[in-house]
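For reference, the structure discussed in these notes is given below.
Residue numbers (the UniProt record's numbering): 1 to 188.
Structure representation (C-alpha coordinates):
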(Lines of atoms letter the chains of each structure in order from A; the text may use other names.)
(Lines give C-alpha, C1' and ligand atoms only; values in the text may rest on other atoms or scores of the structure.)
Protein backbone atom coordinates (compact mmCIF):
# COMPACT_ATOMS: atom_id res chain seq x y z
CA UNK A 1 0.00 0.00 0.00
CA UNK A 2 1.46 3.33 -1.01
CA UNK A 3 1.32 6.27 1.32
CA UNK A 4 0.53 9.63 -0.16
CA UNK A 5 3.12 12.23 0.75
CA UNK A 6 1.65 15.49 1.91
CA UNK A 7 2.71 18.58 0.01
CA UNK A 8 2.51 22.27 0.66
CA UNK A 9 -0.05 24.23 -1.39
CA UNK A 10 1.20 25.29 -4.84
CA UNK A 11 1.30 28.98 -3.92
CA UNK A 12 3.57 28.25 -0.94
CA UNK A 13 5.88 25.99 -2.98
CA UNK A 14 6.19 28.59 -5.74
CA UNK A 15 6.87 31.33 -3.20
CA UNK A 16 9.59 29.27 -1.52
CA UNK A 17 11.32 28.48 -4.81
CA UNK A 18 11.01 32.09 -5.95
CA UNK A 19 12.92 33.25 -2.87
CA UNK A 20 15.42 30.37 -2.95
CA UNK A 21 16.14 30.75 -6.67
CA UNK A 22 16.73 34.50 -6.49
CA UNK A 23 20.37 35.12 -7.29
CA UNK A 24 22.65 37.81 -5.86
CA UNK A 25 22.55 40.78 -5.57
CA UNK A 26 19.01 39.95 -4.26
CA UNK A 27 17.52 43.13 -5.69
CA UNK A 28 13.95 41.85 -5.64
CA UNK A 29 13.42 39.46 -2.74
CA UNK A 30 15.53 37.74 -0.10
CA UNK A 31 15.42 35.91 3.22
CA UNK A 32 16.18 37.83 6.39
CA UNK A 33 19.35 37.00 8.29
CA UNK A 34 17.39 34.79 10.68
CA UNK A 35 15.64 33.00 7.80
CA UNK A 36 12.23 33.43 9.48
CA UNK A 37 10.93 36.13 7.13
CA UNK A 38 11.43 37.34 3.61
CA UNK A 39 11.63 40.88 2.31
CA UNK A 40 10.62 42.32 -1.06
CA UNK A 41 13.12 45.08 -1.77
CA UNK A 42 11.87 46.54 -5.01
CA UNK A 43 8.12 46.14 -5.51
CA UNK A 44 8.09 47.35 -9.13
CA UNK A 45 10.88 45.03 -10.25
CA UNK A 46 9.42 42.17 -8.21
CA UNK A 47 6.01 42.66 -9.85
CA UNK A 48 7.39 43.00 -13.37
CA UNK A 49 9.98 40.21 -13.36
CA UNK A 50 9.42 37.62 -10.64
CA UNK A 51 5.65 37.49 -10.23
CA UNK A 52 4.90 36.69 -13.90
CA UNK A 53 7.65 34.07 -13.90
CA UNK A 54 6.07 32.09 -11.04
CA UNK A 55 2.39 33.09 -11.11
CA UNK A 56 -0.24 33.90 -13.74
CA UNK A 57 -0.26 37.60 -12.91
CA UNK A 58 1.94 40.57 -12.09
CA UNK A 59 -0.38 42.22 -9.59
CA UNK A 60 1.41 42.92 -6.31
CA UNK A 61 -1.77 43.57 -4.32
CA UNK A 62 -3.14 40.16 -5.38
CA UNK A 63 0.13 38.59 -4.26
CA UNK A 64 -0.15 40.27 -0.83
CA UNK A 65 -3.81 39.16 -0.57
CA UNK A 66 -2.68 35.57 -1.21
CA UNK A 67 -0.04 35.91 1.50
CA UNK A 68 -2.70 37.11 3.92
CA UNK A 69 -4.97 34.19 3.04
CA UNK A 70 -2.15 31.82 4.06
CA UNK A 71 -1.71 33.64 7.40
CA UNK A 72 1.50 35.50 6.52
CA UNK A 73 1.94 38.65 8.56
CA UNK A 74 3.70 41.85 7.63
CA UNK A 75 6.69 42.20 9.95
CA UNK A 76 7.82 45.74 9.28
CA UNK A 77 5.81 48.91 8.65
CA UNK A 78 8.55 50.39 6.47
CA UNK A 79 9.58 47.39 4.36
CA UNK A 80 7.57 44.67 2.64
CA UNK A 81 8.65 41.88 5.01
CA UNK A 82 6.42 38.88 5.67
CA UNK A 83 6.60 35.88 7.96
CA UNK A 84 4.74 32.70 8.79
CA UNK A 85 5.90 30.36 11.57
CA UNK A 86 6.06 27.42 9.15
CA UNK A 87 7.73 29.29 6.28
CA UNK A 88 11.47 29.41 7.04
CA UNK A 89 14.66 29.15 5.04
CA UNK A 90 15.64 25.48 4.67
CA UNK A 91 12.35 24.31 6.18
CA UNK A 92 10.50 22.84 3.22
CA UNK A 93 9.14 20.02 5.37
CA UNK A 94 7.37 22.48 7.69
CA UNK A 95 5.56 24.15 4.77
CA UNK A 96 3.03 21.30 4.60
CA UNK A 97 1.46 22.75 7.76
CA UNK A 98 0.58 26.02 6.00
CA UNK A 99 -3.04 25.96 4.94
CA UNK A 100 -5.31 28.52 3.42
CA UNK A 101 -7.49 30.28 5.98
CA UNK A 102 -11.14 29.27 5.66
CA UNK A 103 -13.87 31.89 5.69
CA UNK A 104 -15.51 32.25 9.08
CA UNK A 105 -18.89 30.54 9.33
CA UNK A 106 -21.74 32.95 9.63
CA UNK A 107 -22.91 33.40 13.18
CA UNK A 108 -26.49 32.18 13.71
CA UNK A 109 -27.30 35.23 15.82
CA UNK A 110 -26.05 37.53 13.06
CA UNK A 111 -28.10 35.60 10.52
CA UNK A 112 -31.27 35.83 12.61
CA UNK A 113 -30.66 39.55 13.23
CA UNK A 114 -30.31 40.10 9.48
CA UNK A 115 -33.54 38.19 8.90
CA UNK A 116 -35.29 40.33 11.52
CA UNK A 117 -34.03 43.49 9.80
CA UNK A 118 -35.34 42.21 6.47
CA UNK A 119 -38.70 41.41 8.06
CA UNK A 120 -38.86 44.85 9.65
CA UNK A 121 -38.02 46.52 6.34
CA UNK A 122 -40.71 44.59 4.49
CA UNK A 123 -43.23 45.22 7.29
CA UNK A 124 -42.53 48.96 7.42
CA UNK A 125 -44.05 49.26 3.98
CA UNK A 126 -46.81 46.64 4.25
CA UNK A 127 -47.92 44.86 1.14
CA UNK A 128 -51.36 45.87 -0.06
CA UNK A 129 -54.21 43.39 0.35
CA UNK A 130 -55.11 41.08 -2.46
CA UNK A 131 -58.46 41.09 -4.22
CA UNK A 132 -60.21 37.97 -5.48
CA UNK A 133 -60.70 37.44 -9.20
CA UNK A 134 -64.48 37.42 -8.74
CA UNK A 135 -66.43 40.40 -7.41
CA UNK A 136 -67.81 39.07 -4.13
CA UNK A 137 -68.87 41.36 -1.28
CA UNK A 138 -67.59 38.89 1.33
CA UNK A 139 -64.17 38.79 -0.32
CA UNK A 140 -64.05 42.60 -0.43
CA UNK A 141 -64.91 42.78 3.27
CA UNK A 142 -62.24 40.21 4.05
CA UNK A 143 -59.75 42.27 2.00
CA UNK A 144 -60.64 45.40 3.94
CA UNK A 145 -60.30 43.61 7.28
CA UNK A 146 -56.94 42.14 6.34
CA UNK A 147 -55.77 45.51 5.06
CA UNK A 148 -56.71 47.21 8.33
CA UNK A 149 -55.07 44.48 10.37
CA UNK A 150 -51.91 44.80 8.33
CA UNK A 151 -51.78 48.61 8.53
CA UNK A 152 -52.50 48.77 12.26
CA UNK A 153 -49.89 46.21 13.29
CA UNK A 154 -47.37 48.01 15.49
CA UNK A 155 -44.85 45.26 15.79
CA UNK A 156 -42.79 44.61 12.66
CA UNK A 157 -42.82 40.90 13.30
CA UNK A 158 -46.60 40.81 13.70
CA UNK A 159 -47.00 42.72 10.44
CA UNK A 160 -44.71 40.26 8.68
CA UNK A 161 -46.73 37.32 10.08
CA UNK A 162 -49.99 38.91 8.91
CA UNK A 163 -48.53 39.57 5.48
CA UNK A 164 -47.38 35.95 5.25
CA UNK A 165 -50.85 34.72 6.24
CA UNK A 166 -52.49 36.97 3.62
CA UNK A 167 -50.11 35.77 0.93
CA UNK A 168 -50.69 32.13 1.91
CA UNK A 169 -54.45 32.66 1.77
CA UNK A 170 -54.09 34.37 -1.59
CA UNK A 171 -52.16 31.45 -3.01
CA UNK A 172 -54.75 28.97 -1.74
CA UNK A 173 -57.72 30.62 -3.51
CA UNK A 174 -55.94 32.06 -6.59
CA UNK A 175 -56.06 35.76 -5.84
CA UNK A 176 -54.22 38.32 -7.90
CA UNK A 177 -52.79 41.79 -6.99
CA UNK A 178 -55.47 44.39 -6.51
CA UNK A 179 -56.29 47.57 -8.37
CA UNK A 180 -55.56 50.37 -5.83
CA UNK A 181 -58.29 52.65 -7.12
CA UNK A 182 -60.95 49.95 -6.82
CA UNK A 183 -59.93 49.03 -3.25
CA UNK A 184 -59.98 52.68 -2.13
CA UNK A 185 -63.45 53.14 -3.65
CA UNK A 186 -64.68 49.78 -2.27
CA UNK A 187 -65.30 51.16 1.23
CA UNK A 188 -69.03 51.84 1.84
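The C-beta atom is built at its ideal place from N, Cα and C for all residues, glycine as well.
(request) Drop a sphere of 10 angstroms on the beta-carbon of residue 83, count the other beta-carbons inside from all chains shown, and report buried for 16 or more, exposed for fewer. (result) Buried is the call here.
(message) Comparing C-alpha positions only, which one of 47, 23 and 73 sits nearest to residue 61?
(response) Nearest option by C-alpha distance: 47.
(message) the ligand PLP and residue 17: does the residue's C-beta get closer than 7 Å to at least one heavy atom of that ligand?
(response) With respect to small molecules bound, the structure shown includes none, and the ligand PLP cannot be examined in it.
(request) Under 8 Å by Cβ, that's how I've got residue 191 and residue 20 pegged, so tell me the actual separation to the nearest angstrom. (result) Given a span of 1 to 188 for the chain in the structure shown, any question on residue 191 remains unanswerable.
(message) Suppose you measure from the CA of residue 24 to the CA of residue 39; what does that come to, to the nearest Å?
(response) When rounded, the distance between both Cα atoms is 14 Å.
(message) Short of 7 Å in beta carbon distance, which residues of its chain neighbour residue 90, apart from the five on each side in sequence? Order them along the chain.
(response) 35.
(request) Over the uninterrupted beta strand (DSSP E) stretch that includes residue 40, give me the two end residues. (result) For residue 40, the enclosing beta strand (DSSP E) has its first and last residue at 37–40.
(request) Within its chain, find whatever has a CB closer than 8 Å to the CB of residue 9; leave out the 5 residues flanking it on each side and keep chain order. (result) So the qualifying residues of the chain are 70, 98, 99 and 100.
(message) Less than 6 Å between C-beta atoms, sequence neighbours within five positions excluded: which residues of the same chain meet that for residue 11?
(response) Apart from the 5 residues on each side of it in sequence, residue 11 sits with its Cβ closer than 6 Å to the Cβ of 66 in its chain, given in chain order.
(request) Could you check if residue 28 is buried or exposed, using at least 16 other CB atoms within 10 Å of its CB as the buried criterion? (result) Counting Cβ neighbours within 10 Å, residue 28 comes out buried, since at least 16 surround it.
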